[in-house]
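**Q**
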Amino acid sequence: MSTLTELTLRDVAARIKSKDVSPVEVTQACLDRASATEDKLNAFSMVMADSAMAEARTAEAEIASGNWRGELHGIPVGIKELYDVAGLPTTSSSRVRENWVAEADCASVAQLRAAGAVVLGKTHTHEFAYGISTPNSRNPWDTDRMPGGSSGGSGSSVAAGSTYMSMGSDTGGSIRIPASVCGTVGLKPTFGRCSRAGVTSLSWSLDHVGPLARTVADAAVSLNALAGYDPRDPGSVDIPVEDYTAALGKDVKGMRIGVPKNYYFDNVDTEVEAHVRAAIDLLAGEGAVISEVEIPYADQIMSVEFAICLPEASEYHRRMLRDRPDLYTEDVRLFLEAGELMPATRYVQALRVRQLMQRAWASMFSDIDVIVAPATAAPATKVGQETIDWGGGNEEPITPAFVRLSAPANVTGLPSTATPCGFTDGGLPVAFQAIARPFAETTSIRLCDAYQRMTDWTSRRPAV
Amino acid sequence: MSDTEAKSIGSGDVSALAKAARLDLPEARREAVAPALDGILQLFDALDAVDVGETPPTNSFDARWRDV
Chain V
8 MSTLTELTLR DVAARIKSKD VSPVEVTQAC LDRASATEDK LNAFSMVMAD SAMAEARTAE
68 AEIASGNWRG ELHGIPVGIK ELYDVAGLPT TSSSRVRENW VAEADCASVA QLRAAGAVVL
128 GKTHTHEFAY GISTPNSRNP WDTDRMPGGS SGGSGSSVAA GSTYMSMGSD TGGSIRIPAS
188 VCGTVGLKPT FGRCSRAGVT SLSWSLDHVG PLARTVADAA VSLNALAGYD PRDPGSVDIP
248 VEDYTAALGK DVKGMRIGVP KNYYFDNVDT EVEAHVRAAI DLLAGEGAVI SEVEIPYADQ
308 IMSVEFAICL PEASEYHRRM LRDRPDLYTE DVRLFLEAGE LMPATRYVQA LRVRQLMQRA
368 WASMFSDIDV IVAPATAAPA TKVGQETIDW GGGNEEPITP AFVRLSAPAN VTGLPSTATP
428 CGFTDGGLPV AFQAIARPFA ETTSIRLCDA YQRMTDWTSR RPAV
Chain C
334 MSDTEAKSIG SGDVSALAKA ARLDLPEARR EAVAPALDGI LQLFDALDAV DVGETPPTNS
394 FDARWRDV
């Protein structure tokens with residue numbers, strides 16, 4: 008890895024601003040890094056070397072003439088394969104949509120381009136974002152292991168140093184799961200904070216878009232470009248956007264952290280639990296006030312998540328499932344077929360329980376500012392591994408094993424940032440997540456950034 | 334607890350449900366879907382433990398006209 012690709016987004020942005028390096032050099036370094044690692048990782052569905060270099064030259068000229076737009080100007084980024092990029096296929100990493108060409112940039116890509124970012128390539132997703140393993144791609148920390156999903160290519164590309172930030176989407180954890188197992192930061196904003204217009208849907212009621220980046224600060228810079236109201240997205244909420252970088256560099260003194268006494272530490276890998284509890288102790292030592300909280304409706308979280316996601320996904324795919332069923336991968340086809348057959352009343356029942364859950368979470372937050380809990384129950388599993396053995400005859404399929412700790416923030420729509428907090432003895436990354444009140448991304452960012460400045464986990468790079 | 338006693342979903346049940354959904358599922362697919370659907374429906378049984386009372390669903394139609 009070259010020195011340039013080892014830098015954080017903010018560090019390289021400072022060097023671009025000062026004209027110490029040019030976007031052309033930075034983009035070439037990222038392309039070289041991708042070229043050196045793609046045979047092992049396959050993080051990208053498409054690397055756009057020519058257009059990326061053209062965009063970098065444009066950025067270089069703009070900055071040379073005194074028109075520096077901000078910290079994303081000239082920064083190479085990755086775009087999840089679900090996102091529309093004008094003139095390019097949006098395959099959703101599926102043969103079903105291999106000829107689907109986008110007419111216009113989706114909202115996120117338009118926002119990133121407006122901020123001057125260079126689109127380096129498109130990153131693999133689990134087919135149609137309907138899974139947590141992203142079988143096309145590999146984990147840079149151990150290429151025998153999955154990069155998580157569904158934004159697995161995004162996690163892999165950021166961790167490998169091929170991009171400084173890659174976009175993800177999160178319906179049941181698909182930003183935070185790959186971030187956690189790839190050792191990057193993953194920021195899922197509040198439902199409605201960032202526009203999903205032009206991003207292939209998995210479940211309209213649960214989908215979020217957001218960045219995966221190397222540091223919390225890099226994610227905050229990215230969120231500044233991505234947040235905002237968009238009437239094209241019916242879930243978008245018209246409330247003022249904050250400067251998320253204003254939450255950086257602060258301490259956690261007096262911050263009230265809720266630590267779940269149920270649900271989040273049930274059936275969790277012992278090394279994951281130890282690292283997350285050590286992180287909580289460190290935050291307490293810096294003045295955070297810790298209290299235990301009871302997660303309400305814990306037994307219903309996964310029921311609500313799946314009872315909403317399944318029928319919405321099946322309806323989105325209704326025509327494609329009938330026209331080209333054999334082109335789906337088996338796991339996704341099975342979910343889509345099963346989703347067609349569940350009673351409609353279950354869907355409505357889940358939406359009603361979701362409402363009660365939202366109220367109960369609001370009540371739980373009356374005495375706390377943020378929840379800190381494991382981002383995933385386990386580190387990256389082996390490619391093709393289907394279950395996790397928790398001992399005592401308790402074997403859990405990997406999809407619920409990875410989704411169950413991230414789903415609460417999808418069902419409640421609350422902002423959650425996954426942040427690296429250690430490595431297993433086997434060298435695999437571990438992360439906690441910080442879940443805050445609605446539209447209080449700054450609280451989650453403040454805590455995670457403070458923790459990151461106390462530790463060195465995000466400075467480590469995989470040997471791939 | 335479920336409102337009624339849970340019964341396993343078999344290939345025949347899937348055939349009837351698929352017919353209602355206007356989804357053509359060959360026998361091999363019905364065999365594959367049955368256990369998956371059974372597991373999913375069992376997961377949803379947990380919803381029955383909640384008394385939702387008069388709670389409306391979370392999403393509601395917005396009658397305002399907006400330019401998009």
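Protein sequences, first through last, are from chains V and C. So in the numbering used here, spot 255 of the first sequence is number 262, and the numbers just go up one at a time. So in the numbering used here, spot 43 of the second sequence is number 376, and the numbers just go up one at a time. From the three backbone atoms N, C-alpha and C, an ideal C-beta is built for every residue, glycine too.
In three-state terms, what does DSSP make of V/Ile86?
**A** The residue labelled residue 86 of chain V in the question sits at position 79 within the first sequence. Correct three-state label for V/Ile86: strand.
**Q** Using DSSP with H/G/I as helix, E/B as strand and the rest coil, what is V/Ser140?
**A** Counting from one through the first sequence, the residue named residue 140 of chain V turns up at place 133. Three-state result, V/Ser140: coil.
**Q** Please report whether the beta-carbon of V/Arg353 lies at a distance below 8 angstroms from any beta-carbon of chain C.
**A** For this step, residue 353 of chain V is matched to residue 346 along the first sequence. Yes, V/Arg353 lies at the interface with chain C (some Cβ there is under 8 angstroms from its Cβ).
**Q** Counting only Cβ pairs nearer than 7 angstroms, list the residues of chain V close to C/Ala396.
**A** Reading the second sequence from its first residue, position 63 is the one you call residue 396 of chain C. Simply none; closest approach about 13 angstroms.
**Q** Please name the residue or residues paired with C/Phe394 in a DSSP beta bridge.
**A** Position 61 of the second sequence, counting from 1, holds the residue named residue 394 of chain C. DSSP output for C/Phe394 lists no bridge partner at all.
**Q** Is V/Gln118 close to chain C, meaning its C-beta is less than 8 angstroms from at least one C-beta of that chain?
**A** In the first sequence, residue 118 of chain V corresponds to position 111, counting from 1. Cβ-Cβ to chain C under 8 angstroms: no for V/Gln118.
**Q** Tell me where the beta strand (DSSP E) around V/Met309 begins and ends.
**A** Position 302 of the first sequence, counting from 1, holds the residue named residue 309 of chain V. From DSSP, V/Met309 is part of no beta strand (DSSP E) but of the alpha helix (DSSP H) over Ile308 to Tyr323.
**Q** Within a Cβ cutoff of 8 angstroms, which residues of the same chain sit near V/Thr97, ignoring the five residues on either side of it in sequence?
**A** Indexing the first sequence from 1 puts residue 97 of chain V at position 90. Answer for V/Thr97: Glu88, Leu89, Tyr90, Asp91, Arg104, Trp107, Val108, Ala109 and Thr207, listed in chain order.
**Q** Give every residue of the same chain whose Cβ lies closer than 6 angstroms to the Cβ of V/Ala443, excluding the five residues on either side of it in the sequence, and list them in chain order.
**A** Stepping through the first sequence from its first residue, residue 443 of chain V is reached at position 436. Within the same chain, V/Ala443 has close Cβ partners Val377, Pro422, Thr450 and Ser451.
**Q** Indicate the three-state DSSP secondary structure (helix, strand or coil) for V/Arg152 in the structure shown.
**A** The residue you call residue 152 of chain V lines up with position 145 of the first sequence. In this structure, V/Arg152 counts as strand in the three-state DSSP scheme.
**Q** Tell me where the beta strand (DSSP E) around V/Leu233 begins and ends.
**A** Taking the first sequence and counting its residues from 1, one reaches residue 233 of chain V at position 226. Here V/Leu233 belongs to no beta strand (DSSP E); instead the alpha helix (DSSP H) covers Val223 to Leu233.
**Q** Output, in chain order, the set of chain V residues within a Cβ distance shorter than 9 angstroms of C/Ala361.
**A** Translated into the one-based positions of the second sequence, residue 361 of chain C becomes position 28. By Cβ distance, chain V contributes nothing, its closest Cβ being about 11 angstroms from C/Ala361, past 9 angstroms.
**Q** Quick check: the Cα distance between V/Val188 and V/Ala408, rounded to an integer number of angstroms?
**A** Numbered from its first residue, the first sequence carries residue 188 of chain V at position 181. Numbered from its first residue, the first sequence carries residue 408 of chain V at position 401. Approximately 13 angstroms between the Cα atoms of the pair.
**Q** Going by DSSP in three states, V/Asp39 sits in which element: helix, strand or coil?
**A** Start at 1 with the first residue of the first sequence, and residue 39 of chain V comes out as number 32. Of the three classes helix, strand and coil, the one that applies to V/Asp39 here is helix, per DSSP.
**Q** Using a beta-carbon distance below 8 angstroms, is V/Met153 in contact with chain C?
**A** If you number the first sequence from 1, residue 153 of chain V lands on position 146. With 8 angstroms as the cut-off, V/Met153 does not count as an interface residue toward chain C.
**Q** What do you reckon, are the CB atoms on V/Phe313 and C/Ile373 nearer than 8 angstroms?
**A** Mapped onto the first sequence, residue 313 of chain V falls at position 306. Mapped onto the second sequence, residue 373 of chain C falls at position 40. Yes.
**Q** So with Cβ pairs under 8 angstroms, would you call V/Glu344 a contact of chain C?
**A** The residue you call residue 344 of chain V lines up with position 337 of the first sequence. Closer than 8 angstroms to some Cβ of chain C, the Cβ of V/Glu344 qualifies, so yes.
**Q** Counting beta carbon pairs with one atom in the region 148-160 of chain V and one in the region 170-187 of chain V, are three or more of them shorter than 8 angstroms?
**A** Yes, the region 170-187 of chain V is in contact with the region 148-160 of chain V.
**Q** Does the Cβ of V/Gly399 have 16 or more other Cβ atoms within 10 Å, making it buried, or fewer, making it exposed?
**A** Within the first sequence, residue 399 of chain V is the residue found at index 392, counting from 1. Result: exposed.
**Q** Going by other Cβ atoms of all chains shown within 10 Å of its Cβ, with 16 needed for buried, is C/Lys352 buried or exposed?
**A** Counting from 1 along the second sequence, the entry for residue 352 of chain C is found at position 19. Classification for C/Lys352: exposed.
**Q** So, with DSSP's three-state summary, where would you put V/Glu134?
**A** Your numbering for residue 134 of chain V matches position 127 in the first sequence. Helix, per DSSP.
**Q** From the DSSP output, in three-state form, read off V/Arg3 for me.
**A** Residue 3 of chain V is absent from the model: chain V starts at 8 and stops at 471.
**Q** How about C/Gly343: is its C-beta nearer than 8 angstroms to some C-beta of chain V?
**A** Position 10 of the second sequence, counting from 1, holds the residue named residue 343 of chain C. Output row for C/Gly343: interface = no.
**Q** Closer than 8 angstroms, CB to CB, is V/Ser310 near chain C or not?
**A** The residue given as residue 310 of chain V occupies position 303 in the first sequence. At least one chain C Cβ lies under 8 angstroms of V/Ser310.
**Q** With 8 angstroms as the C-beta to C-beta threshold (strictly closer), list the residues of the region 288-314 of chain V near chain C in chain order.
**A** For the region 288-314 of chain V, which is checked against every Cβ of chain C, the residues closer than 8 angstroms are Tyr304, Asp306, Gln307, Met309, Ser310, Val311, Phe313 and Ala314.
**Q** So, for V/Tyr354: in the same chain, excluding its five sequence neighbours on each side, which residues have a beta-carbon less than 7 angstroms away from its beta-carbon?
**A** Position 347 of the first sequence, counted from the start, is the residue given in the question as residue 354 of chain V. The residues are Ala314, Ile315 and Pro318.
**Q** Taking only beta-carbon positions, decide if V/Arg361 is within less than 8 angstroms of chain C.
**A** Taking the first residue of the first sequence as 1, we reach residue 361 of chain V at position 354. Yes - at least one Cβ of chain C is within 8 angstroms of the one on V/Arg361.
**Q** Tell me, please, whether the CB atom of C/Ala382 is closer than 8 angstroms to any CB atom in chain V?
**A** Numbered from 1 along the second sequence, position 49 holds the residue referred to as residue 382 of chain C. At least one chain V Cβ lies under 8 angstroms of C/Ala382.
**Q** Is V/Cys113 helix, strand or coil when you go by DSSP?
**A** Along the first sequence, one-based indexing puts residue 113 of chain V at 106. It is coil, neither helix nor strand.
**Q** If contacts are defined as beta-carbon pairs under 8 angstroms, then V/Tyr236 and V/Asp245 qualify, I think. What distance do you get, rounded to the angstrom?
**A** Here residue 236 of chain V is taken as the residue at index 229 of the first sequence, counted from 1. Here residue 245 of chain V is taken as the residue at index 238 of the first sequence, counted from 1. Confirmed, about 4 angstroms.
**Q** When burial is assigned at 16 or more other CB atoms within 10 Å of the CB, is V/Asn143 buried or exposed?
**A** Your numbering for residue 143 of chain V matches position 136 in the first sequence. Buried, because 16 or more other Cβ atoms sit within 10 Å of the Cβ of V/Asn143.
**Q** Is V/Leu213 near C/Pro390, with beta carbons less than 8 angstroms apart?
**A** Start at 1 with the first residue of the first sequence, and residue 213 of chain V comes out as number 206. Start at 1 with the first residue of the second sequence, and residue 390 of chain C comes out as number 57. Not closer than 8 angstroms, so no.
**Q** Would you kindly report the start and end of the unbroken alpha helix (DSSP H) that includes V/Thr277?
**A** Within the first sequence, the letter at position 270 stands for residue 277 of chain V. V/Thr277 -> alpha helix (DSSP H) spans Thr277 to Gly292.
**Q** Go to V/Ala21, then tell me how far its alpha helix (DSSP H) extends in each direction, as first and last residue.
**A** Counting from 1 along the first sequence, the entry for residue 21 of chain V is found at position 14. That run of the alpha helix (DSSP H) goes Leu16 to Lys24.
**Q** Whole angstroms is fine: what's the gap from V/Val437's alpha carbon to C/Arg355's?
**A** Within the first sequence, residue 437 of chain V is the residue found at index 430, counting from 1. Within the second sequence, residue 355 of chain C is the residue found at index 22, counting from 1. Each residue's alpha carbon lies about 45 angstroms from the other.
**Q** Among the candidates V/Asn401, V/Arg460, V/Thr388 and V/Phe439, whose CA atom is the shortest distance from the CA of V/Pro147?
**A** Taking the first residue of the first sequence as 1, we reach residue 147 of chain V at position 140. Considering only alpha carbons, the answer is V/Thr388.
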